[in-house]
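Read through the structure below, which is laid out as structure tokens, and then see the notes.
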Amino acid sequence: MTGIRSLVVFRKLLVHELTIEPKRVKATYTIVKKDGEEVSNQLIYSYNASYFDRKNAEDVNLASLMVAQVALNYGLFFEEIVFDGLFDEADRRFLTDMMENTSREILVMKFYSKNEFLKPPYDKLPLENLTRYTAASLVFKGDSFPGLTFKRRERESKENEYVILSSGGKDSLLTYGLIREIGVAHPVFINESGRHWFTAVNAYDYYRENEPNTAKPWCNSDRIFNWMVRQMPFIKENFQNIRADIYPIRLWTVAVFLFGTLPVALKRNAGNVLIGNEYDTTVKGNHHGISHYNGLYDQSKYFDNALTRFYAKKGWNIRQYSVLRSLSELLILKILVKRYPELQAHQVSCHAAHEKDGRMLPCGNCEKCRRIIGMLKALDEDPRRCGYTDEQIRKGLLALEKQGVKQLGSDAAHLYFLLHSQGLITDNEHTRKLVREHHEIVSLRFDRERSNLQDIPVQIRKPLLEIYQKYSEGCVRLDDRKWHTFTPDKAFLNQPYFLMKSDEHKTN
């Protein structure tokens, strides 16, 4: 077998043996191979406060959903996946739909696209268009909780309280700064077991001292992801030594951390969960007739809206969204560094960060680092504030003269326009191709898909726009593939929230 079904290399995946303690949730991931061999590992979420009662059906249901998220990456590879927990019909539909979407995304982005981690012949699978890409049949069991009955209950939440999925990146730092001004912020840092935690350390240390609502759950999902990859016969054995900007297989990642924040949101009755995603993370694509989201589904507005609908079905009354979708990466950094310099000082936008004298510092060599250096210099700000050395700044600007950056074409062109106009980079064949002014990059961008005000609850729109307009150069709206300037009015601000009735959306 050489097609998609050749990827079905395992018989069964069991997500079982769910253990619930006041401050910890655990589940066993067991792979049953086709020869009958079994290998297991344990997924753990732990907290520094009590969030769970194993006798409470609602807590067991939430824990069941949390430990299921990692498994949604593996629908292409198993004949059967068994979830043993407490689930209702909304849960079963959500997990089934999200696994199918992830299976399609992984097929397109990891097997039909370049992937240095694949062994031949899996790197040249023939193209197939199927009605269903998930190979596994899903089985939901409740054997471990026979005495519990779960019933939907409508929850009252506080619309001015915001749980923020937090890190040391500019997006989450700006989100926190904004919410600290206009609402009640609850930053939640998911402390991964791997090196990804390095990017969050500086910000977390600052929040711990200055923000009493800060929470830091711990999760070992990174170990489970790597353990799973080691079992896969189509992944090169030396995958951990291959330098690449992608993971070997997984694409359903944000939700693993997001569901780790939900115990905090539910216990504190927060009505909002915020994820820091900007304008360019909502993408639709088509690969020879297979629709996809360019591997960014869990960073897109479609993901936020789907989760908000799911929370509504659960009766949780939580709205999930990003407050940054009208902003370019450059405008996000501009507002952060100009309005909240004390937060920007803790920014670490580098996945090769290292520790020195108790503080995490960026590597200064990667694409992300040269992009951050370039944007800060273009904004007439000092990259040394967040840890870059003079030598790294010099090398970063030189690298921009020879190598590009991973941004939308218009974002990159405007960055190079600013750098070139300020004499920060030289005029050469490489830069000459990129330099072009795009006024919309420093404006608030709105369109029907990527940045639609209806995706944001009404109560937060006006205060956000009042802050943004102090740093942006106007508002633009996409019409007939062109950007047109406009002035937001009451009708614009009063557009109905996508989940609300028409008589519930008025602003003051």
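Per full-length UniProt numbering, the very first residue in the sequence shown carries number 1; after that it's consecutive.
Note that the Cβ used here is the ideal one computed from N, Cα and C, for glycine as well.
- Here the stretch 311 to 319 does not lie against the stretch 202 to 212, with fewer than 3 beta-carbon pairs under 8 angstroms apart.
- Scanning Ile-441, Asp-171 and Phe-140 for the CA closest to the CA of Val-15 turns up Phe-140.
- Three or more Cβ pairs closer than 8 angstroms define a contact, and the stretch 92 to 108 falls short of that threshold against the stretch 150 to 169.
- For Met-360, the pairing in a beta bridge is given by DSSP as Glu-355.
- Look at Phe-189 here: in three-state DSSP terms it is strand.
- For Leu-493, the enclosing alpha helix (DSSP H) has its first and last residue at 490 to 493.
- Thr-214 has its alpha-carbon roughly 42 angstroms from the corresponding atom of Arg-436.
- Annotated three-state conformation of Arg-319 is strand, per DSSP.
- Sequence-distant Cβ neighbours of Tyr-133 in its own chain, meaning closer than 8 angstroms and more than five residues away, are Ile-4, Gly-75, Leu-76, Glu-100, Ser-103, Arg-104 and Leu-107.
- Within the model, the alpha-carbon separation for Leu-118 versus Leu-125 is close to 11 angstroms.
- Within a 10 Å sphere around the beta-carbon of Pro-212 sit fewer than 16 other beta-carbons, which makes this residue exposed.
- For Gly-75, no beta strand (DSSP E) segment is defined, and its DSSP state is neither H nor E.
- At a Cβ-Cβ threshold of 8 angstroms, Ala-413 and Val-405 do not count as neighbours.
- Cβ contact annotation for Ala-71 (same chain, cutoff 7 angstroms, sequence separation greater than five): Leu-13, Val-15 and Ile-81, in chain order.
- In the DSSP annotation of this structure, the continuous segment of the beta strand (DSSP E) that includes Cys-475 starts and ends at 475 to 479.
- Annotated as proximal: Leu-397 and Ile-373, with beta-carbon spacing under 8 angstroms.
- In the structure shown, Ile-393 adopts helical secondary structure according to DSSP, grouped into three states.
- Using a Cβ-Cβ distance cut-off of 8 angstroms, the stretch 234 to 245 and the stretch 261 to 279 are not in contact, since fewer than three pairs of beta carbons, one from each stretch, lie closer than that value.
- Its chain contains no residue whose beta carbon lies nearer than 6 angstroms to that of Glu-89 once the 5 sequence neighbours on both sides are disregarded.
- In the DSSP annotation of this structure, His-346 is not part of any alpha helix (DSSP H), being labelled neither H nor E.
- In the three-state DSSP reduction, Lys-170 falls in the helix class (H, G or I).
- For Cys-219, DSSP records a beta bridge to Tyr-45 and Glu-192.
- Residue ranges of uninterrupted beta strand (DSSP E) with 3 or more members, entirely inside the stretch 285 to 320 and ordered along the chain, are 285 to 287 and 290 to 292.
- With 16 or more other Cβ atoms inside 10 Å of its own Cβ, Gln-69 counts as buried.
- Nearest neighbour of Met-98 by Cα position, chosen from Gly-409, Glu-192 and Ala-255, turns out to be Ala-255.
- Annotation: Gly-409 is outside any beta strand (DSSP E); the continuous alpha helix (DSSP H) that includes it extends over 409 to 421.
- If only complete runs of 4 or more residues are kept, the stretch 217 to 277 shows the alpha helix (DSSP H) at 221 to 231 and 254 to 267, in order along the chain.
- Around the beta carbon of Glu-355, fewer than 16 other beta carbons sit within 10 angstroms, so the residue counts as exposed.
- Per the DSSP secondary-structure output, Asp-280 pairs with nothing in a beta bridge.
- In terms of Cα proximity to Phe-303, the closest of His-287, Thr-281 and Asn-317 is Thr-281.
- DSSP assignment within the stretch 70 to 149 yields the following whole alpha helix (DSSP H) runs of 4 residues or more, N-terminal first: 89 to 106.
- Taking all protein chains shown into account, His-484 has fewer than 16 neighbouring C-beta atoms within 10 Å of its C-beta and is therefore exposed.
- In this structure, Cys-350 lies near Lys-368, with their beta-carbon atoms less than 8 angstroms apart.
- Residue pairing by DSSP places Lys-12 opposite Val-32 and Glu-80 in a beta bridge.
- Around Met-66, the same chain offers Val-25, Tyr-45, Phe-259 and Gly-260 as residues with beta carbons nearer than 7 angstroms, after the five sequence neighbours per side are excluded.
- The DSSP-derived three-state label of His-439 is helix.
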